[in-house]
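Reminder that position 102 of the sequence shown reads as 101 in numbering that gives the first Met the number 0, one-by-one numbering, no gaps. Accompanying notes for the structure given below.
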Amino acid sequence: MPYVRVRVLAGELSTFGSWPARSGPALVSGPKPPGILRLSHHPKPKGIPVSANRPAAVVVLAAGEGTRMKSKTPKVLHEIAGRSLVGHVVSAARELGPEQLVVVVGHAREQVEAHLGEHYAGTRTAFQAEQNGTGHAVRMGLEELGDAWGSPQAEGSGGGTVVVVCGDTPLLSGATLSALTATHTADGNAVTVLTAEVPDSTGYGRIVRDAATGAVTAIVEHKDATDEQRAIREINSGVFAFDGQLLADALTKVRTDNSQGEEYLTDVLGILREAGHRVGASVAGDHREILGINNRVQLAEARRLMNERLLEQAMMAGVTVVDPASVIVDVTVTFEPDAVVHPGTQLLGATHIGEGAEVGPNSRLTNTTVRAGARVDNTVADSATVGEGATVGPFAYLRPGTRLGVKAKAGTFVEVKNSSLGEGTKVPHLSYVGDATIGDYTNIGAASVFVNYDGESKHHTTIGSHCRTGSDNMFVAPVTVGDGAYTAAGSVITKDVPAGSLAVARGQQRNIEGWVARKRPGSAAAQAAAVATEQVAEEN
0 MPYVRVRVLA GELSTFGSWP ARSGPALVSG PKPPGILRLS HHPKPKGIPV
50 SANRPAAVVV LAAGEGTRMK SKTPKVLHEI AGRSLVGHVV SAARELGPEQ
100 LVVVVGHARE QVEAHLGEHY AGTRTAFQAE QNGTGHAVRM GLEELGDAWG
150 SPQAEGSGGG TVVVVCGDTP LLSGATLSAL TATHTADGNA VTVLTAEVPD
200 STGYGRIVRD AATGAVTAIV EHKDATDEQR AIREINSGVF AFDGQLLADA
250 LTKVRTDNSQ GEEYLTDVLG ILREAGHRVG ASVAGDHREI LGINNRVQLA
300 EARRLMNERL LEQAMMAGVT VVDPASVIVD VTVTFEPDAV VHPGTQLLGA
350 THIGEGAEVG PNSRLTNTTV RAGARVDNTV ADSATVGEGA TVGPFAYLRP
400 GTRLGVKAKA GTFVEVKNSS LGEGTKVPHL SYVGDATIGD YTNIGAASVF
450 VNYDGESKHH TTIGSHCRTG SDNMFVAPVT VGDGAYTAAG SVITKDVPAG
500 SLAVARGQQR NIEGWVARKR PGSAAAQAAA VATEQVAEEN
């Protein structure tokens, strides 16, 4: 069976490998409008409200360089399911409702701070100028918060609890963090370790407990473990809940006399235990949540696991996903019941699929709304709206600003950009519609082009309702075609067409008799023409 392996180096935790597929019921997050299913990668343990045990502070460690990613992009800014790694962690931490939240940044500080400022407004940052270990990073975080994290808490809350999480653990859920703080408060621990039971604990730091009390007595690295300890399947995740004041005091006692010359956060556990304080543990319900990202292989594995989780949730809530292995969704995608997703489909950003709508196969929708009963086939769409019962594709391209009305159609090899098509209006094939407004129940002939650019500026075309435009039309903007008007095939429309008129804008046809025989004598065309001429003569 596949499993996560963890390598512990001088007390620092890193993870790598793969996990088996997740089982169990999928959940839908709220609040939400009636009938809309919002995906959430945060499964919630029963009986533990996420709002309970509110901590004084959460410290997110995101200062590492991430050299194994071999990327110019900071490790914590790599994305899975449409959200950065650190963004997933911040989102999970915010579910706890902490009084303060600080992200400790270091490598590529400006990029990470800009990202947090744009997507997670109000998140504070602390700067770790030199990578002197996790203990040092937490100390930088607490110094940034000053006395803010130590404010009094309401009775029954998490008191002065400080939760420490890693910025590269995107599968960690708010529910699991809530369970951690609940255990921490209920057991009166000085520190509570988030642990997990894994199928194969080879390479992990083992959790050794007191048989009588369940307290954690040691975290033993694999290389230092006895045969009895190596049989333990419970391992350390690197996520902790601390009594804030005890943590701050213990951090001043952490030494750097180790092989790396760094301050290790794990040393705090020994300091507190030696001082007579209790060290406890909270076991994660799903061991895969502790997966940390150090390279592209792990990034792909985390992406796969989260995608499976999101699709499972959608299917359990009434969405048909024909082939989950070939479908990709972002965490911000929403569905209504009885939506159908066909193979080879990517649903990205704030995409919404309405009740009974079908998307795919082989489609990529970004920030696009597909309303109830619509059908989207082999299509790329970005920031578009597909109306109720409308059809798109196959092989269509909907660019930003596209709005299709009820039962409208953008058919085969049709590109639409910044345009609205009214109810029942059809653009069936081989056309480009750009910067246009088209009324209701109008039909645009094949191979039509809305000529919207004059080399300097874009211009708008307006076509009314109940119009019939011929094939191979060019609409040279700015131009207006009135309601009920027709345009002849092959026309280049450069002037407004009044309502109810027929516009013909093409050269007159002139037939030159005998041209082929004179100009192409002896050719196959000339011979065929001669035979046809003889046949006509005989018939007459």
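All C-beta atoms in this analysis are idealised placements derived from N, C-alpha and C, irrespective of residue type, glycine included.
Legend entry - Straight-line gap, PRO151 to GLU112 (C-alpha atoms, nearest Å): Locating residue 151 in the sequence shown gives position 152, counting from the first residue. Locating residue 112 in the sequence shown gives position 113, counting from the first residue. A caution first: PRO151 carries a pLDDT of 41, below 50, which makes its placement in the model unreliable, though a value can still be read off. About 29 Å.
Inset, instruction - Could you check how far apart the C-beta atoms of LEU397 and VAL415 are, in whole angstroms? I think they sit under 8 Å. - result: Reading the sequence shown from its first residue, position 398 is the one you call residue 397. Reading the sequence shown from its first residue, position 416 is the one you call residue 415. That pair is a contact at about 5 Å.
Legend entry - ILE270, enclosing beta strand (DSSP E) - first and last residue: Start at 1 with the first residue of the sequence shown, and residue 270 comes out as number 271. Not the beta strand (DSSP E): ILE270 falls in the alpha helix (DSSP H), residues 266 to 273.
Legend entry - Sub-8 Å separation of ILE206 and VAL197 beta-carbons: Looking up residue 206 in the sequence shown gives position 207. Looking up residue 197 in the sequence shown gives position 198. For the pair ILE206 and VAL197, the CB atoms are not nearer than the 8 Å cut-off.
Inset, instruction - Could you spell out the range, first to last residue, of the beta strand (DSSP E) harbouring ALA217? - result: In the sequence shown, the residue the question calls residue 217 occupies position 218. Segment 215 to 219, the beta strand (DSSP E) holding ALA217.
Legend entry - ARG208: first and last residue of the uninterrupted beta strand (DSSP E) it sits in: Here residue 208 refers to the residue found at position 209 when the sequence shown is read from its first residue. Boundaries of the beta strand (DSSP E) around ARG208: 205 to 208.
Inset, instruction - Output yes or no for whether 8 Å exceeds the beta carbon distance between GLN127 and HIS114. - result: In the sequence shown, residue 127 corresponds to position 128, counting from 1. In the sequence shown, residue 114 corresponds to position 115, counting from 1. The beta carbons of GLN127 and HIS114 sit no closer together than 8 Å.
Inset, instruction - Specify the secondary structure class of PRO323 as computed by DSSP and reduced to three states. - result: Walking along the sequence shown from the start, residue 323 turns up at place 324. In the structure shown, PRO323 sits in a helix (DSSP, three-state: H, G or I).
Inset, instruction - Please check the pair GLY484 and GLY499, which I expect to be a contact at CB under 8 Å, by giving their CB distance rounded to whole angstroms. - result: Numbered from its first residue, the sequence shown carries residue 484 at position 485. Numbered from its first residue, the sequence shown carries residue 499 at position 500. Looking at the sequence shown, residue 484 is not Gly but Ala. That pair is a contact at about 6 Å.
Legend entry - Residue environment, PRO42, which counts as buried when at least 16 other CB atoms sit within 10 Å: The residue you call residue 42 lines up with position 43 of the sequence shown. Bear in mind that a pLDDT of 48 at PRO42, under 50, signals an unreliable position, so the model cannot answer this.
Inset, instruction - Run through the segment 357 to 433 for me and flag every whole beta strand (DSSP E) of 3 or more residues, listed as ranges in chain order. - result: For the segment 357 to 433, the full-length beta strand (DSSP E) segments reaching 3 residues or more read 363 to 365, 378 to 381, 395 to 397, 408 to 416 and 425 to 433 along the chain.
Inset, instruction - Taking all protein chains shown into account, decide if PRO520 is buried (16 or more other Cβ within 10 angstroms of its Cβ) or exposed. - result: Reading the sequence shown from its first residue, position 521 is the one you call residue 520. The residue in question, PRO520, is exposed, as its Cβ has fewer than 16 Cβ neighbours within 10 Å.
Legend entry - Residues that DSSP places opposite ILE231 in a beta bridge: As a working note, residue 231 is residue 232 in the sequence shown. Note: ILE231 sits in no beta bridge, so no partner.
Legend entry - Cross-strand partners of MET473 (DSSP beta bridge): Taking the sequence shown and counting its residues from 1, the one referred to as residue 473 is at position 474. Note: MET473 sits in a beta bridge opposite VAL448 and VAL491.
Inset, instruction - Pick out whichever of LYS252, ASP248 and ASP453 has its Cα sitting closest to the Cα of ALA476. - result: The sequence position of residue 476 within the sequence shown is 477, counting from 1. The option with the nearest alpha carbon to ALA476 is ASP453.
Inset, instruction - Select from PHE474, THR486 and GLN507 the residue whose C-alpha is nearest the C-alpha of THR493. - result: Translated into the one-based positions of the sequence shown, residue 493 becomes position 494. In this structure, PHE474 is the residue among PHE474, THR486 and GLN507 with its C-alpha nearest to the C-alpha of THR493.
Legend entry - For GLU288, the three-state DSSP class (helix, strand or coil): Numbered from its first residue, the sequence shown carries residue 288 at position 289. Judged by DSSP in its simplified three-state form, GLU288 adopts helix.
Legend entry - Exposure label - GLY260; buried when at least 16 CB within 10 Å: As a first step, residue 260 is located in the sequence shown; it is residue number 261 there, counting from the start. GLY260 should be labelled exposed.
Legend entry - Complete beta strand (DSSP E) runs within the segment 85 to 136 (minimum length 3 residues, chain order): Segments of the beta strand (DSSP E) lying fully in the segment 85 to 136: 99 to 104 and 123 to 126.
Inset, instruction - Enumerate in chain order the residues of its own chain whose CB-to-CB distance from ASN188 is below 7 Å, with the five nearest sequence positions on each side excluded. - result: As a first step, residue 188 must be located in the sequence shown, where it is residue number 189. The answer, listed in chain order, is ARG277, VAL278 and GLY279.
Legend entry - Residues near ARG544 by beta carbon distance below 6 Å, same chain, minus five either side: In the structure as shown, the chain begins at 0 and stops at 539. Residue 544 is therefore absent and cannot be evaluated.
Inset, instruction - Could you say which of ILE270, THR319 and ARG287 lies nearest to ALA217 if we only look at CA atoms? - result: Start at 1 with the first residue of the sequence shown, and residue 217 comes out as number 218. Measuring from the Cα of ALA217, the nearest candidate turns out to be ILE270.
Inset, instruction - Please go through the same chain and pick out, in chain order, the residues whose beta-carbon is closer than 6 Å to the beta-carbon of HIS87, but skip the five residues on each side of it. - result: In the sequence shown, residue 87 corresponds to position 88, counting from 1. Correct list, in chain order: PRO169.
Inset, instruction - Express the C-alpha separation of ALA301 and GLU60 in angstroms, rounding to a whole number. - result: Position 61 of the sequence shown, counted from the start, is the residue given in the question as residue 60. Position 302 of the sequence shown, counted from the start, is the residue given in the question as residue 301. One point to set straight first is that residue 60 is Leu, not Glu, in the sequence displayed. C-alpha separation (whole angstroms): 19 Å.
Inset, instruction - Spatial neighbours of ALA525 within its chain, please: CB distance less than 6 Å, with the 5 preceding and 5 following residues excluded, ordered by chain position. - result: Here residue 525 corresponds to residue number 526 of the sequence shown, with the count starting at 1. Here the set comprises VAL515, ALA516 and ARG519.
Legend entry - Cα-Cα separation between PRO32 and ALA349, rounded to whole angstroms: As a first step, residue 32 must be located in the sequence shown, where it is residue number 33. As a first step, residue 349 must be located in the sequence shown, where it is residue number 350. For PRO32, the predicted model reports a pLDDT of 47, less than 50, meaning its position is unreliable; a value from the coordinates is still stated below. Rounded to the nearest angstrom, the gap between the Cα atoms of PRO32 and ALA349 is 15 Å.
Legend entry - One or two residues paired with ARG505 in a DSSP bridge: Locating residue 505 in the sequence shown gives position 506, where the first residue counts as 1. Paired residue(s): none; ARG505 is not in a bridge.
Inset, instruction - Check whether the Cβ atoms of GLU357 and PRO336 lie closer than 8 Å to each other. - result: Here the question's residue 357 lines up with position 358 in the sequence shown. Here the question's residue 336 lines up with position 337 in the sequence shown. A distance of 8 Å or more separates the beta carbons of GLU357 and PRO336.
Inset, instruction - Report the three-state DSSP secondary structure of ALA240 (helix, strand or coil). - result: By 1-based counting over the sequence shown, the position of residue 240 is 241. Three-state DSSP puts ALA240 in a strand.
Inset, instruction - Determine the direct distance from the alpha carbon of ILE327 to that of ALA299, and round the result to whole angstroms. - result: Mapped onto the sequence shown, residue 299 falls at position 300. Mapped onto the sequence shown, residue 327 falls at position 328. Whole-angstrom Cα-Cα distance: 12 Å.
Inset, instruction - Report yes if the C-beta distance between GLY438 and SER464 is below 8 Å; otherwise report no. - result: Numbered from 1 along the sequence shown, position 439 holds the residue referred to as residue 438. Numbered from 1 along the sequence shown, position 465 holds the residue referred to as residue 464. With respect to the 8 Å criterion, GLY438 and SER464 are classified as neighbours on the basis of their beta carbons.
Inset, instruction - Use the C-beta contact count for THR265: other C-beta atoms within 10 angstroms, 16 or more gives buried, fewer gives exposed. - result: In the sequence shown, counting from the first residue as 1, residue 265 sits at position 266. The residue in question, THR265, is buried, as its Cβ has 16 or more Cβ neighbours within 10 Å.
Inset, instruction - Could you name the residues that DSSP lists as bridge partners for LYS457? - result: Sequence index remark: in the sequence shown, residue 457 carries index 458 (1-based). DSSP, once it has assigned bridges, lists TYR452 as partnering LYS457.
Legend entry - Helix, strand or coil at VAL296 [DSSP, three-state]: Here the question's residue 296 lines up with position 297 in the sequence shown. Here DSSP, grouped into helix, strand and coil, assigns VAL296 to helix.
Legend entry - Whether VAL164 touches VAL57 by CB criterion (8 Å): Against the sequence shown, residue 164 aligns to sequence position 165. Against the sequence shown, residue 57 aligns to sequence position 58. In this structure, VAL164 sits near VAL57, with a CB-CB distance shorter than 8 Å.
Inset, instruction - Spatial neighbours of THR390 within its chain, please: CB distance less than 6 Å, with the 5 preceding and 5 following residues excluded, ordered by chain position. - result: If you number the sequence shown from 1, residue 390 lands on position 391. Non-local C-beta neighbours of THR390 in its own chain, meaning closer than 6 Å and more than five positions away in sequence, comprise ARG374 and LYS408, ordered along the chain.
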